[in-house]
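S.K.: According to our numbering, the stretch in the sequence shown is residues 26 to 177, in order.
Even for Gly, the Cβ is constructed at its ideal location relative to N, Cα and C.
Supplied in C-alpha cells, the structure appears directly below.
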Amino acid sequence: MQRAWGVIIFASLMGLGLIQCKGSGLKPCQVEIIRTEVNPLSENDVFVIVYVAVTNPNPKVLRLTSITTDLIVSRKKVGSSHISEPLQLSPNIPTRLTISFFISYTGLHEDPAFTLRHHNGNLPCQLEGEVTVNDAGGSVTFPFRSNEFGSP
26 MQRAWGVIIF ASLMGLGLIQ CKGSGLKPCQ VEIIRTEVNP LSENDVFVIV YVAVTNPNPK
86 VLRLTSITTD LIVSRKKVGS SHISEPLQLS PNIPTRLTIS FFISYTGLHE DPAFTLRHHN
146 GNLPCQLEGE VTVNDAGGSV TFPFRSNEFG SP
C-alpha cells in the first residue's frame, strides 16, 4: 500500500511539472547571435544589446518561458541576463529576441574588445546559458552555447 501511495504522489508531482524527467525526447533549442550593439555610457560603463534568433528543432510548437544568458567576451564572462519571455516557438522557424547587458568595471575602456573599432556593432562575443520551454510533460531546461560573433 505504501508503494502505491508513492507512485500516486510521484505521478501527481510530475503532472504539476515539479519533477522533471530526463529523456523528454525534445532536442535543445539553438541560439544564434544575429547582431550586437555597443553603447558606451561612460569610461567604465557600457550597455550591450544582443539580437538573437532562437530556433526550435522539434516537430511541435514549444512555449519559451525564460532564457538565462552570460555574455562572454574575450573568453571571460562580462555580464548576465535573465528574461522571462512567454513566446511560442514554432518548429524550425527562428524567433527573434533582444537581450541586454549592462557592463561596468574599471579598465573597460582599455579592453580591446570594447575599443572604438567595435562600435559598429561587431562585438566579438558569445552567449552561454539555458533556455527553458514548456512541453505537455512540464518544464524542460536546455543548456546552450551560441555561435561566436564578430571575432576579429
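Quick check on the DSSP output: the beta strand (DSSP E) that includes valine 17 runs from which residue to which?
M.R.: For residue 17 there is no data in the structure shown, the boundaries of the chain being 26 and 177.
S.K.: In terms of alpha-carbon separation, which member of Glu173, Phe174, Ser171 and Phe139 lies closest to asparagine 69?
M.R.: As a working note, residue 69 is residue 44 in the sequence shown. Per the Cα distances, Phe139.
S.K.: I'd like to confirm the pairing. Which residues does DSSP put opposite tyrosine 76 in its beta bridges?
M.R.: Position 51 of the sequence shown, counted from the first residue, corresponds to residue 76. Paired residues: Arg60 and Thr123.
S.K.: Suppose you measure from the CA of histidine 143 to the CA of alanine 161; what does that come to, to the nearest Å?
M.R.: Within the sequence shown, the letter at position 118 stands for residue 143. Within the sequence shown, the letter at position 136 stands for residue 161. The predicted model places histidine 143 with a pLDDT of 49, which falls under 50 and marks its position as unreliable, so this point remains unresolved.
S.K.: Tell me whether glycine 104 is buried or exposed, calling it buried when 16 or more other Cβ atoms sit within 10 Å of its Cβ.
M.R.: Stepping through the sequence shown from its first residue, residue 104 is reached at position 79. Glycine 104 is buried by the Cβ-count criterion.
S.K.: With serine 171 and glutamate 57 assumed to form a contact (beta carbons below 8 Å), what rounded beta-carbon distance in angstroms separates them?
M.R.: Along the sequence shown, one-based indexing puts residue 171 at 146. Along the sequence shown, one-based indexing puts residue 57 at 32. Serine 171 to glutamate 57, Cβ: 6 Å. Contact.
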